[in-house]
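Residue numbers for the sequence shown follow this note's numbering, beginning at 40 and rising by one. Where a beta carbon is used, it is the ideal one built from N, C-alpha and C, also for glycine. From a predicted model like this one, the values you see are computed outputs, not experimental measurements. Contents: one structure, followed by commentary.
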Amino acid sequence: MSLIVALAAVVGWVNAAALALGRGIGIVCVALMVVFILVQVFFRYVLGNALPWSEEASRFLMLWMTGLMAPTAFRRGGFVAIDMLVLMLPRAVAAMLSLILLGVSLAVLMVGFRIGWAEVTGFGGRFTTDALWVPTTFDFSEWMKVPRAWAMASLAVGVTLLIAVNVELMLRAVVTMAGGGDRLPAIAGAEVAGAE
């Protein structure tokens, strides 16, 4: 039991660090999306000349923001219907139900990872975006179109983070089923999620 508690703590610590970094990058993505959209509104409606890149850049950032922020929401919980059911059940039964649901989630996430990786490495990932360009030299003398695989990588990264969180939650459910739930460190931010 001590080994599983220690493993859950280590996985929890790694997840907390990775998700904190993801939240920071996600916040930057949201801020840049807002700036790009406001620039597009100004150019389209004030100057009457829409920019070709701002909407595509916003979609790119939205994909990455979602891939990096969704694992935090999953880790913190707050799924009202499931939480209400779990709160009505005895602790061991609730942990078993959580473990079963997390097992199903893990199977779905594994399929999602295969789909995401296929989007990055497959046929669709070989194309480039229509209007996004990035410099390839420090003096900005050479530019290339952004590959679509860069946007699709957000799916593979997001699902990988979701799998890591799922494994942590499964370990926590096993510890709770065995009666050691009080030995687990709390998940930061989880106390504000849910149906309160």
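Reference residue i, options the options, closest by Cα
i, options, result
"A112", "V198, M123, A217, A47", "V198"
"L171", "G161, M183, F179", "M183"
"L201", "W52, V85, L107", "L107"
"M104", "D178, A190, R153, F177", "A190"
"V50", "F75, R114, A217", "R114"
"G87", "P110, A188, Q79", "Q79"
"V125", "I226, M216, R187", "M216"
"L252", "D169, G65, E94, A57", "With the chain covering 40 to 235 only, the question about residue 252 has no answer from this structure."
Coarse secondary structure for residue i, derived from DSSP in three states
i, result
"L90", "coil"
"P174", "strand"
"P110", "helix"
"G161", "coil"
For residue j and residue i, the rounded distance between their alpha carbons
i, j, result
"A234", "M123", "Low confidence applies here, because A234 scores a pLDDT of 40, under 50, leaving its location unreliable and the question unanswered by this model."
"L128", "T176", "60 Å"
"L71", "W52", "29 Å"
"V159", "L102", "13 Å"
Practice task
Indicate whether the contact test is met: 3 or more Cβ pairs, each with one atom in the segment 191–208 and one in the segment 137–149, closer than 8 Å.
Solution key: yes
Exercise for the section: Would you check if the segment 156–165 and the segment 123–135 touch, i.e. whether three or more CB-CB distances between them fall below 8 Å? Expected result: no
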